[in-house]
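Those protein sequence lines, which keep their order, are chains E and C.
First residue of the first sequence: 57, per my numbering; consecutive thereafter.
First residue of the second sequence: 57, per my numbering; consecutive thereafter.
Report on the structure given below.
2 protein chains.
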Amino acid sequence: MALENRKTENFSEWYLEVVKKAELMDYSPVQGCMIIRPRAYFVWEKIQGFLNQKFAEDGVQNAYFPLFIPQSFLEKEAEHFRGFSPEVAWVTMGGNEALGEKLALRPTSETVMYDAYSRWVSSHRDLPLKINQWCNIIRWDTKALKPFLRTREFLWQEGHTVHATREEADVEVRTVLNSYKAVCEELLAMPVVQGLKSEAEKFPGAEYTTAVETLMPDGKALQAGTSHQLGQNFAKIFGVEFKTADGGKKLAWQTSWGASTRLIGGMVMLHSDDKGLVLPPKVAPLQVVFVPIYKTEEDRGLTLKACSRVAKKLSCSWLVDDSDRTPGWKFNEWELKGVPVRVEIGLKDLAKQSVTIARRDTGEKEEVTEEKAHQFIAKLLEKIQENLFNKAKKFLDENTREVQKFAEFKRVIEEEKGFIKAGWCGNAQCEEAVKEETGATIRVIPFEEDETPRKCVYCDRPAKNAPLFARSY
Amino acid sequence: MALENRKTENFSEWYLEVVKKAELMDYSPVQGCMIIRPRAYFVWEKIQGFLNQKFAEDGVQNAYFPLFIPQSFLEKEAEHFRGFSPEVAWVTMGGNEALGEKLALRPTSETVMYDAYSRWVSSHRDLPLKINQWCNIIRWDTKALKPFLRTREFLWQEGHTVHATREEADVEVRTVLNSYKAVCEELLAMPVVQGLKSEAEKFPGAEYTTAVETLMPDGKALQAGTSHQLGQNFAKIFGVEFKTADGGKKLAWQTSWGASTRLIGGMVMLHSDDKGLVLPPKVAPLQVVFVPIYKTEEDRGLTLKACSRVAKKLSCSWLVDDSDRTPGWKFNEWELKGVPVRVEIGLKDLAKQSVTIARRDTGEKEEVTEEKAHQFIAKLLEKIQENLFNKAKKFLDENTREVQKFAEFKRVIEEEKGFIKAGWCGNAQCEEAVKEETGATIRVIPFEEDETPRKCVYCDRPAKNAPLFARSY
Numbered sequence: 057m058a059l060e061n062r063k064t065e066n067f068s069e070w071y072l073e074v075v076k077k078a079e080l081m082d083y084s085p086v087q088g089c090m091i092i093r094p095r096a097y098f099v100w101e102k103i104q105g106f107l108n109q110k111f112a113e114d115g116v117q118n119a120y121f122p123l124f125i126p127q128s129f130l131e132k133e134a135e136h137f138r139g140f141s142p143e144v145a146w147v148t149m150g151g152n153e154a155l156g157e158k159l160a161l162r163p164t165s166e167t168v169m170y171d172a173y174s175r176w177v178s179s180h181r182d183l184p185l186k187i188n189q190w191c192n193i194i195r196w197d198t199k200a201l202k203p204f205l206r207t208r209e210f211l212w213q214e215g216h217t218v219h220a221t222r223e224e225a226d227v228e229v230r231t232v233l234n235s236y237k238a239v240c241e242e243l244l245a246m247p248v249v250q251g252l253k254s255e256a257e258k259f260p261g262a263e264y265t266t267a268v269e270t271l272m273p274d275g276k277a278l279q280a281g282t283s284h285q286l287g288q289n290f291a292k293i294f295g296v297e298f299k300t301a302d303g304g305k306k307l308a309w310q311t312s313w314g315a316s317t318r319l320i321g322g323m324v325m326l327h328s329d330d331k332g333l334v335l336p337p338k339v340a341p342l343q344v345v346f347v348p349i350y351k352t353e354e355d356r357g358l359t360l361k362a363c364s365r366v367a368k369k370l371s372c373s374w375l376v377d378d379s380d381r382t383p384g385w386k387f388n389e390w391e392l393k394g395v396p397v398r399v400e401i402g403l404k405d406l407a408k409q410s411v412t413i414a415r416r417d418t419g420e421k422e423e424v425t426e427e428k429a430h431q432f433i434a435k436l437l438e439k440i441q442e443n444l445f446n447k448a449k450k451f452l453d454e455n456t457r458e459v460q461k462f463a464e465f466k467r468v469i470e471e472e473k474g475f476i477k478a479g480w481c482g483n484a485q486c487e488e489a490v491k492e493e494t495g496a497t498i499r500v501i502p503f504e505e506d507e508t509p510r511k512c513v514y515c516d517r518p519a520k521n522a523p524l525f526a527r528s529y
Numbered sequence: 057m058a059l060e061n062r063k064t065e066n067f068s069e070w071y072l073e074v075v076k077k078a079e080l081m082d083y084s085p086v087q088g089c090m091i092i093r094p095r096a097y098f099v100w101e102k103i104q105g106f107l108n109q110k111f112a113e114d115g116v117q118n119a120y121f122p123l124f125i126p127q128s129f130l131e132k133e134a135e136h137f138r139g140f141s142p143e144v145a146w147v148t149m150g151g152n153e154a155l156g157e158k159l160a161l162r163p164t165s166e167t168v169m170y171d172a173y174s175r176w177v178s179s180h181r182d183l184p185l186k187i188n189q190w191c192n193i194i195r196w197d198t199k200a201l202k203p204f205l206r207t208r209e210f211l212w213q214e215g216h217t218v219h220a221t222r223e224e225a226d227v228e229v230r231t232v233l234n235s236y237k238a239v240c241e242e243l244l245a246m247p248v249v250q251g252l253k254s255e256a257e258k259f260p261g262a263e264y265t266t267a268v269e270t271l272m273p274d275g276k277a278l279q280a281g282t283s284h285q286l287g288q289n290f291a292k293i294f295g296v297e298f299k300t301a302d303g304g305k306k307l308a309w310q311t312s313w314g315a316s317t318r319l320i321g322g323m324v325m326l327h328s329d330d331k332g333l334v335l336p337p338k339v340a341p342l343q344v345v346f347v348p349i350y351k352t353e354e355d356r357g358l359t360l361k362a363c364s365r366v367a368k369k370l371s372c373s374w375l376v377d378d379s380d381r382t383p384g385w386k387f388n389e390w391e392l393k394g395v396p397v398r399v400e401i402g403l404k405d406l407a408k409q410s411v412t413i414a415r416r417d418t419g420e421k422e423e424v425t426e427e428k429a430h431q432f433i434a435k436l437l438e439k440i441q442e443n444l445f446n447k448a449k450k451f452l453d454e455n456t457r458e459v460q461k462f463a464e465f466k467r468v469i470e471e472e473k474g475f476i477k478a479g480w481c482g483n484a485q486c487e488e489a490v491k492e493e494t495g496a497t498i499r500v501i502p503f504e505e506d507e508t509p510r511k512c513v514y515c516d517r518p519a520k521n522a523p524l525f526a527r528s529y
């Protein structure tokens, strides 16, 4: 049951082993697809709950749009179609008959939603319109597939809003990006950097794209959520326009934004260790496990009773593992599955009216009186949540390195990995050259102002900004 | 904005008008698919919440399985394949390349789930295994399509459980069927009959199928949820077996069960009227609307203030409609959209320190003192929920007619419609003949014992039971 791979030695195999053995996923007979097992789906439901609340506060309503998109729809916005068509899966048969027009399985839903929006929006009274859907998405990706991080079917939410002005749409883009930062940091203990994508990396069809980006332990960046200002681009094509209060007619401004089940993969990579899964307590399906330690049947009864006494005072989720396995087996099992807190109760503990409490994140054990155990555990769960975030934040900060010269850039990306902060002239050729020579792309141009004068790391001309570069998932 | 069709005159057109104008749905460019708009999706989220709680109490966990099913999987269970293959949509291209094996879009997920179950179940310790998923389902139906009731893509939940014994599986089938009854009756105010399906009407591959069946105002039956005992049929094919405590090996027993967004369509048909949508308060996105009635700007201020005073004491969802429309326009609008309670506040009301409260289900108005308004409204919402159920139950009971002779059967199905209770010898030929000659099928053989000796309505031989026959959606 123990892991065969080590996080620091063979990271990729270690990750595959963790997600499989911790029962987060299983493979499907269809290559590139996967089963999201209950332990992982529980995390997804927590993400849904968190974001649904944020969305509701912002006036967003949930809905559901069809999976099928006619080819003609997808082709309407040329840049959008170029961006997605290489990855589209097509339905060509229904029942035993060939379809008249082949149907795309949605790789994203702008086109089908905005066609509807053009009917639903007619007056300034209908704005803003803010709709979100939770659904499956199909992208027939040929890049390296990896559970949660890159699969041909995945789950996500996509929000699509319509506004009367550019300014309102700009605000919406940032409001949602803040929700993404919150879900990553507050729920998943995964620190992110917020910023702008470069032209080359933006969403096909958008005016600009913002993103939250995080760093994985192997030094690769992970895009955790994106929020796009679409301008009036799609509105023009689909005819999303509205009558103004004074009787005029205007094209609407639109945004779209999404976050997916890849968040689960990022969280697992970030926190887990050589013993298996480590879960932030806020998303752990089981937060506390009790392991009674006994030899005789009589002691079994006594220790189980003590477990129940403590457990019943808890307001979190818990389980008393009274199965016929050895304590050692149980320790390994629940560590592998990522239960944040383990409570051991043996005869010595009973004699002292105490319990032994082990935390999953650090492995530390502490003896606590039975009476105070429930309060201790409640606080410990908070501490673990906080510790996971702080550890990850420290890692992110320590692995964000500023460089001036391209030679140094190449050395760091090879040897140290992580984010590289470097000046950029804003020219797409330099960005492309850096990508070709190092495999690193501009992940984000951070929102945080940084007035230091710099030179472009590639061409040495004056820099316009200082993006974070990295290799990425 | 008013409806052009009448419920009693042209039911089918009336229904289409209600779901469209009340903004529950919109059509998609792909025939047979539809958009579930926020007002309807809200109802779906209430259904999800209700069932998720019931499922959790039963130890069911949520998960997600792939949309794609290889053709070879679907073919493994012959009866299952025969049942579904005429309706399967096939993906044959990914990106710009033809796929090696064409992939079915799930018409149901037994095959892909039980392949996984065969890996997950190995010991009696792994049982029972109870997993549910909320997902989209594709059936390329060629029968008459109707929003919510029959679409080529719909949303549902499908639960799939594994048990050590037949008895446990039998219990599971009934436990879930009770949850379906509860969600229909307690949440959607839609009374149902529980019972067994005939062999001809059971799920392809099941040992037996149970269902909750309800009656629509046009006298057609609607299947609202099904729960199947699969026996060991799929377990045999997919190899779902477990080691017993004494070291032996046994095939598992399985169940599957599902309920879909068609529940929303049934609820709308059942309760709505010629003014538009009628919603049970428990699933209404907006439960109370306030309409201030004024002529001058000063009176506007006064009436709006009074609206706020009452609204703020409510613990349900509410909206003060302060838009620049006339009160009459607002009355129509919110009646069309199915808001259960309307509160009118005009100058006369202000003078008397009272408010006028109108209920959507009966149209009755009542004057209530401002002070007691919030309590009155809270009770009224409960009363409306109850009234809708009682009215529907009365309709169901009055439209369930017992007949002895086939001539009478034919007359009733033509002239009165509804459920016909009649004796049946249990023979599939009689069932088929009734269907051919009248269009009515056996909807359920009710669980409620009925010991009256009867003769088969078709062949006059002694009856084995007394099913409910009806034409159906």
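Where is the CB? At the ideal position from N, CA and C, for every residue including glycine.
Model, not experiment: these values are computed from the prediction.
So, does the CB of residue i fall closer than 7 angstroms to a CB anywhere in chain D?
| i | result |
| --- | --- |
| residue 422 of chain C | Given the protein chain composition of this structure (E and C), no chain D is represented. |
Do you know how far the Cα of residue j is from the Cα of residue i?
| i | j | result |
| --- | --- | --- |
| residue 380 of chain C | residue 303 of chain E | 15 angstroms |
| residue 126 of chain C | residue 159 of chain C | 5 angstroms |
| residue 430 of chain C | residue 372 of chain C | 10 angstroms |
| residue 332 of chain E | residue 344 of chain E | 16 angstroms |
| residue 314 of chain C | residue 219 of chain C | 18 angstroms |
| residue 415 of chain E | residue 342 of chain E | 13 angstroms |
| residue 352 of chain C | residue 358 of chain C | 10 angstroms |
| residue 184 of chain E | residue 217 of chain E | 7 angstroms |
| residue 319 of chain C | residue 245 of chain E | 39 angstroms |
| residue 447 of chain E | residue 327 of chain E | 9 angstroms |
| residue 401 of chain C | residue 365 of chain C | 11 angstroms |
| residue 311 of chain E | residue 286 of chain E | 5 angstroms |
| residue 73 of chain E | residue 62 of chain E | 10 angstroms |
Answer yes or no: does any C-beta atom of chain E fall closer than 7 angstroms to that of residue i?
| i | result |
| --- | --- |
| residue 373 of chain C | no |
| residue 156 of chain C | no |
| residue 377 of chain C | no |
| residue 178 of chain C | no |
| residue 261 of chain C | no |
| residue 162 of chain C | no |
To the nearest whole angstrom, what separates the beta carbons of residue i and residue j, a pair I think is in contact under 8 angstroms?
| i | j | result |
| --- | --- | --- |
| residue 457 of chain E | residue 474 of chain E | 6 angstroms |
| residue 417 of chain C | residue 444 of chain C | 6 angstroms |
| residue 97 of chain C | residue 119 of chain E | 5 angstroms |
| residue 193 of chain C | residue 116 of chain C | Contact flag wrong, Cβ pair sits at about 19 angstroms. |
| residue 469 of chain E | residue 527 of chain E | 7 angstroms |
| residue 347 of chain E | residue 387 of chain E | 7 angstroms |
| residue 494 of chain E | residue 465 of chain E | 7 angstroms |
| residue 337 of chain E | residue 441 of chain E | 5 angstroms |
Residue i CB to nearest chain C CB: under 7 angstroms?
| i | result |
| --- | --- |
| residue 126 of chain E | yes |
| residue 123 of chain E | yes |
| residue 394 of chain E | no |
| residue 509 of chain E | no |
Within 10 Å of its beta-carbon, does residue i have 16 or more other beta-carbons around it, so buried, or fewer, so exposed?
| i | result |
| --- | --- |
| residue 301 of chain E | exposed |
message: At a CB distance below 8 angstroms, what residues from the stretch 195-223 of chain C approach chain E? Give them in sequence order.
response: 196, 198, 208, 209 and 211
Just by C-beta distance, which residues in the stretch 134-149 of chain E are closer than 9 angstroms to chain C? 141, 142, 143, 144, 145, 146, 147, 148 and 149
Looking at chain E, which residues of the stretch 288-315 of chain C have a Cβ within less than 9 angstroms of any of its Cβ atoms? none
### Chain-ordered residues of the stretch 95-123 of chain C with a beta carbon less than 7 angstroms from chain E
97, 101, 117, 118, 119, 120, 121, 122 and 123
Please list the residues of the stretch 315-326 of chain C that have a C-beta atom closer than 7 angstroms to any C-beta atom in chain E, keeping them in chain order.
-> none
- Taking Cβ-Cβ distances below 8 angstroms as the criterion, which residues of the stretch 71-92 of chain E are in contact with chain C? 82, 84, 85, 86, 89, 90, 91 and 92
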